[in-house]
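All remarks here apply to the structure that follows.
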Amino acid sequence: MSNQKTIKSALISVFSKEGLEPIVRTLNQQGVTIYSTGGTQKFINDLGIKVIPVEEITSYPSILGGRVKTLHPKVFGGILNRQNNKNDVAELEEFQIPQIDAVIVDLYPFEKTVASGANEQDIIEKIDIGGISLIRAAAKNFADVVCIASMDDYAEFLRLITEKKGTLSENDRKRFATKAFNVSSHYDSAIFNYFNQNHEEAVLKISETNGKVLRYGENPHQKGFFFGNFDALFTKLNGKELSYNNLLDVDAAVNLMNEFKNDLPTFAVLKHNNACGLAQRTTIKEAYLDALAGDPVSAFGGVLISNTEIDKSTAEEIHNLFCEVVIAPSYSNDALEILKGKKNRIILIIHDIELPKTGVRSCLNGILVQDRDYITDTLDILTYVTNNKPDKKELEDLLFASKICKHTKSNTIVLAKNKQLLASGTGQTSRVDALNQAIHKARTFNFDLNGAAMASDAFFPFPDCVEIAKNAGISCVIQPGGSIKDQLSIDYCNDNNVSMVLTGTRHFKH
């Protein structure tokens with residue numbers, strides 16, 4: 328595909344003029360005839376460069392407040408004609424249509440307008456019609472026309488026309504056409520998703536233009552990619568590139584810590600997407616040390632996250648642990664210097680932005696989409712179902728355990744005391760197994776379960792779990808309820824002085 332084409336004419340119609348000047352000057356120096364309209368035409372004129380208004384081609388003015396400028400056969404004929412087709416060439420001559428060899432477009436900023444919170448009328452006016460049509464036409468006819476559809480491609484285009492004196496290969500033109508269709512498809516997806524915010528149409532359109540090739544996927548023999556704007560959520564201060572597994576753990580950590588966003592200093596340690604340690608204290612150092620105590624074995628190679636600034640004394644403690652990632656909203660200068668002492672340790676500052684409202688995952692030969700689990704169990708939703716009511720401290724521990732339980736793989740049981748995660752049973756096929764795992768783990772690290780709180784992500788179909796919990800010293804339970812045999816568990820608690828509250832909300836996580 329070495330079919331060379333020299334640019335002799337160009338149509339330029341852009342919203343943002345940033346970065347355009349050197350391209351216009353280079354095209355002018357190469358003797359290229361430039362066509363334009365509206366604000367772009369004025370911009371080029373102000374550079375002292377000759378530009379032909381599109382109206383001179385169409386013999387028709389811009390109308391409807393600028394809504395219709397370039398939508399005309401004399402414009403699109405100049406773009407879409409096939410230069411190796413005699414009939415097309417003859418029609419250009421017959422209808423006095425100028426050949427257009429390059430199209431440079433920058434679309435109205437629809438997504439930025441939506442994100443700004445603008446009213447609907449302003450948003451509608453930022454749906455580009457002429458620009459998107461020019462992109463599709465020029466990209467379709469890449470055999471004869473080069474299409475530059477994004478400011479991101481200005482630098483490459485300028486380099487090529489400078490190095491090659493305005494002559495581009497078909498490979499070059501096709502590559503730019505690929506980029507152009509990426510721009511147009513993403514733009515249309517954004518518009519559809521705006522109109523379909525209430526999901527009146529059961530249609531999924533995902534378009535991420537920021538993509539990154541990872542070292543590998545979950546395992547070295549799997550390819551891995553990340554699509555999204557990581558830099559909008561984090562500032563990376565140190566360390567190696569994040570892996571596929573790092574990103575999954577970071578995602579789990581961020582969603583978990585979001586439950587404690589405005590609370591007292593809270594620290595969590597995660598491994599394989601589950602919390603192996605979490606504590607809330609009056610200082611972040613105390614919170615870290617008690618989170619680490621929850622499972623110092625699993626913490627090796629884990630992901631650490633804080634809901635407040637990490638100071639020097641906390642950093643000194645963290646530095647003694649091998650960990651993959653540390654996340655916090657900020658770091659003191661001394662803390663950062665200490666943590667950077669290990670060059671591969673990934674250090675992230677998390678920004679305060681809204682997390683996605685939906686979750687997406689592949690399933691069979693399709694995709695599953697669901698709302699995020701946005702419900703956090705709070706005091707006002709609790710139903711007190713036992714004669715013995717939990718006291719204030721027990722309620723605090725129950726809600727603390729429930730937050731962790733919500734973000735732990737099902738089936739799960741979480742044990743907590745004094746706002747410290749003692750242990751959890753994670754990803755078990757039986758709730759009894761999850762509870763036994765949690766009790767065994769807590770005892771392994773010498774935790775006293777007397778007076779501890781227990782949280783379950785789903786109801787108890789039988790009273791066996793509350794019986795095991797009581798025998799281990801656990802004094803209070805929080806669970807969704809909803810089993811036809813709830814009363815069996817309630818009766819056992821009443822007979823054995825265990826308090827139980829129901830939330831009415833299941834928190835499965837698979």
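First residue of the sequence shown? That's 328 in our numbering, and the numbers climb one at a time after it.
Here a beta-carbon is modelled for each residue, glycine too, at the ideal position from N, C-alpha and C.
For L605, which of helix, strand or coil comes out of DSSP? For the purposes of this step, residue 605 is taken as the residue at position 278 of the sequence shown. Three-state result, L605: strand.
Element boundaries [beta strand (DSSP E), containing F422]: In the sequence shown, counting from the first residue as 1, residue 422 sits at position 95. Element bounds for F422: n/a, residue is neither H nor E.
Span separating the alpha-carbon of I431 from that of L564: As a position in the sequence shown, residue 431 is number 104, starting the count at 1. As a position in the sequence shown, residue 564 is number 237, starting the count at 1. About 37 Å.
Proximity below 7 Å, CB of Q755 to CB of N738: Within the sequence shown, the letter at position 428 stands for residue 755. Within the sequence shown, the letter at position 411 stands for residue 738. It is a contact, given that the beta carbons lie within the stated cut-off.
Using a Cβ-Cβ cutoff of less than 8 Å, which residues in the same chain neighbour L487 once the five nearest sequence positions on both sides are dropped? Within the sequence shown, the letter at position 160 stands for residue 487. So the qualifying residues of the chain are L495, D499.
G346 to T703, Cα distance in whole Å? Taking the first residue of the sequence shown as position 1, residue 346 is located at position 19. Taking the first residue of the sequence shown as position 1, residue 703 is located at position 376. Approximately 47 Å between the Cα atoms of the pair.
Assign L722 to one of three DSSP states: helix, strand, or coil. Within the sequence shown, the letter at position 395 stands for residue 722. In the structure shown, L722 sits in a helix (DSSP, three-state: H, G or I).
At a cut-off of 6 Å, is T353 close to the ligand COA when judged by its beta-carbon and the heavy atoms of the ligand? In the structure on display, the ligand COA does not appear, and there are no ligands present to speak of.
In the DSSP assignment, what residue or residues form a beta bridge with A780? Here residue 780 is taken as the residue at index 453 of the sequence shown, counted from 1. Note: A780 sits in a beta bridge opposite A743, C803.
With a cut-off of 8 Å, do at least 3 Cβ pairs link the stretch 706-715 to the stretch 819-829? yes
Give the DSSP bridge partners of F554, in chain order. Locating residue 554 in the sequence shown gives position 227, where the first residue counts as 1. Paired residues: G538.
Between K369 and I384, which are expected to be in contact by the criterion C-beta below 8 Å, what is the C-beta distance as a whole number of angstroms? The residue given as residue 369 occupies position 42 in the sequence shown. The residue given as residue 384 occupies position 57 in the sequence shown. Not a contact, Cβ separation roughly 17 Å.
Per-residue DSSP class, three states only, for Q697: Along the sequence shown, one-based indexing puts residue 697 at 370. It is a strand residue.
Quick check on S657: does DSSP put it in helix, strand or coil? Sequence index remark: in the sequence shown, residue 657 carries index 330 (1-based). In the structure shown, S657 sits in coil (DSSP, three-state: anything other than H, G, I, E or B).
Other residues of its chain near I795: CB distance less than 8 Å, five sequence neighbours each side excluded: Residue mapping note: residue 795 aligns to position 468 of the sequence shown, counting from 1. Correct list, in chain order: V759, L762, N763, I766.
For P380, three-class secondary structure by DSSP: By 1-based counting over the sequence shown, the position of residue 380 is 53. Residue state, collapsed to three classes: strand.
Coarse secondary structure for I518, derived from DSSP in three states: The count along the sequence shown starts at 1 and reaches residue 518 at position 191. Three-state DSSP puts I518 in a helix.
Inspect the beta-carbon positions of G800 and L776 and report whether they are closer than 7 Å. The residue you call residue 800 lines up with position 473 of the sequence shown. The residue you call residue 776 lines up with position 449 of the sequence shown. Yes, the pair counts as a contact, with Cβ atoms nearer than the cut-off.
According to DSSP, simplified to helix, strand and coil, what is N692? For the purposes of this step, residue 692 is identified with residue 365 of the sequence shown, where counting begins at 1. It is coil, neither helix nor strand.
Determine the DSSP secondary structure at T353, reduced to helix, strand or coil. Here residue 353 is taken as the residue at index 26 of the sequence shown, counted from 1. Three-state DSSP puts T353 in a helix.
How would you call T367, buried or exposed, if buried means at least 16 neighbouring beta carbons within 10 angstroms? For the purposes of this step, residue 367 is taken as the residue at position 40 of the sequence shown. That one is buried.
Where does the unbroken alpha helix (DSSP H) through L619 begin, and where does it stop? Against the sequence shown, residue 619 aligns to sequence position 292. First-last of the alpha helix (DSSP H) with L619: 611-620.
Decide if the stretch 610-629 is in contact with the stretch 589-599; the criterion is three or more beta carbon pairs, one per stretch, under 8 Å apart. yes
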